[in-house]
Amino acid sequence: MRIGAHVDPTDPLAEAAARDAEAVQFFLSDPQGWKAPKPREDAERLRDADVDLYVHAPYVINVATLNNRIRIPSRKLLLGHATAAAAIGAKGLIVHGGHVNAGDDLAVGFDNWRKTFAYAADSGGFPLPVLIENTAGGDNACARHLDALARLWDALGDHEVGFCLDTCHAHAGGEELLGLVDRVKAITGRIDLVHANNSKGAFNSGQDRHDNLDGGTIDPELVVAVIRAAGAPVIVETPGGVDGQAADIAFLRGQLGTGTSAA
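Position in the sequence shown (from 1) plus 11 gives the number in the working numbering.
Right, here's the structure in full:
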């Protein structure tokens, strides 16, 4: 089981070494912007490294929305990030499930997801796994509650799609962590990555506010139980920089009995 952290994109491998991490996740462009990612000068070094790489798509992407001025650029940006992530040897591209606006039909949002994969298929398909991530808030979200997630997966039935389970988002979104992995896998058939985060917000608060594993409102043992049941690589997206994330990684290794990355 590979354990790592979300890091600054300037030198991801140095960030991994500083945290004794076996995996890193980072952005390829401004997470709040619409600019396409630029080719990285360190692409070969990243591809050759013994560190698993994951790329997180910008937060602005929302392929589910009925707003054409957001949905159409979102499709293009998602495909652009997938291409750029594949060029550095990333194992997956994580993207939030998105939402529709109040009053809009959520069924259209699910179909817009289907059209997104069809759009990519027209140019040969996504060149690496796209991992849809559950989200913490929103009454019109495509991947906050498991009933919505089931409808999303039904809509995407003809396409290969992965899933990223975020423990903070699940807790804040109103899904109990106990037994969650089995309930998710009954829908998706897979969990490709776990975002192991505690939550500053209370259960079902809808607040996407991460905390270190020994803080927040989630019993850390529940986070460990999710990871153990999922059997997937782990990324901590927790605060505290190198020290905070290194402590979280060390905690997980100790609980899971995986040893250090050098072992």
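Just so it is clear, CB atoms sit at the ideal spot from N, CA and C, and this is done for glycine as well. It should be emphasised that the depicted structure is a prediction, and the values quoted were computed from it without experimental measurement.
Going by DSSP, name the residue or residues bridged to residue i.
| i | result |
| --- | --- |
| Gln36 | His17 and Tyr65 |
| His221 | Ser210 |
| Gly103 | Tyr65 |
| Glu144 | His107 and Cys175 |
| Val205 | Leu176 and Val245 |
| Ala60 | DSSP output for Ala60 lists no bridge partner at all. |
| Ala152 | His110 |
Between the Cα of residue i and those of the options, spot the shortest distance and give me the residue it belongs to.
| i | options | result |
| --- | --- | --- |
| Asn123 | Leu163, Gln36, Ala54 and Val247 | Leu163 |
| Val172 | Gly148, Pro20 and Arg125 | Arg125 |
| Asp165 | Gly149, Ile198, Pro231 and Ala147 | Ile198 |
| Gly185 | Asn79, Gly100, Ala261 and Ser210 | Ser210 |
| Val253 | Leu24, Pro20, Ala29 and Met12 | Ala29 |
| Ala243 | Ser85, Phe38 and Val192 | Val192 |
| Asp70 | Glu55, Asp41, Asn78 and Asp59 | The identity of residue 70 in the sequence shown is Tyr, whereas the question assumes Asp. Residue Asp41 is the option with its Cα nearest to Tyr70. |
| Arg264 | Glu232, Ile83 and Pro250 | Glu232 |
| Asn151 | Ala207, Gly217 and Ala241 | Gly217 |
| Ile72 | Ala93, Glu55, Ala60 and Asp61 | Ala93 |
| Ile99 | Arg51, Leu89, Arg86 and His107 | Arg51 |
| Gly114 | Gly149, Arg86 and Ile83 | Gly149 |
| Ala60 | Asp19, Val35 and Gln43 | Val35 |
On the CB-based measure, 16 or more other CB atoms within 10 Å of its CB, does residue i come out buried or exposed?
| i | result |
| --- | --- |
| Pro48 | buried |
| Lys46 | exposed |
| Ala273 | Residue confidence is low: Ala273 scores 35 on pLDDT, short of 50, so the model does not pin down where it sits. Its coordinate-derived value is still stated next. Exposed, since its Cβ has fewer than 16 Cβ neighbours within 10 Å. |
| Asp63 | buried |
| Ala131 | buried |
| Glu33 | buried |
| Asp53 | exposed |
| Asp259 | buried |
| Leu189 | exposed |
| Ala27 | buried |
| Glu144 | buried |
| Gly255 | buried |
| Thr21 | exposed |
| Arg155 | buried |
So, under 8 Å CB-CB, residue i and residue j are touching, yes? Tell me the CB distance rounded to an integer number of Å.
| i | j | result |
| --- | --- | --- |
| Ala75 | Gly120 | 4 Å |
| Asp203 | Pro140 | 6 Å |
| Leu39 | Ala96 | 7 Å |
| Leu167 | Val111 | In fact, because the Cβ distance is near 16 Å, the residues do not count as touching under 8 Å. |
| Ala183 | Ala147 | 4 Å |
| Ala241 | Leu176 | 6 Å |
| Val247 | Thr178 | So it is not a contact: roughly 10 Å between Cβ atoms. |
May I ask whether a heavy atom of the ligand HEM can be found less than 8 Å away from the beta carbon of residue i?
| i | result |
| --- | --- |
| Ile229 | No copy of the ligand HEM occurs in the structure displayed, which carries no ligand at all. |
If we cut at 9 Å on Cβ distances, does residue i have a partner in chain C?
| i | result |
| --- | --- |
| Leu263 | This model lacks chain C altogether, as it is built from one protein chain only. |
Point to revise | Segments assigned alpha helix (DSSP H), at least 4 residues, entirely inside the segment 160-197 | key: Entirely contained in the segment 160-197, the alpha helix (DSSP H) runs reaching 4 residues are, in chain order, 178-184.
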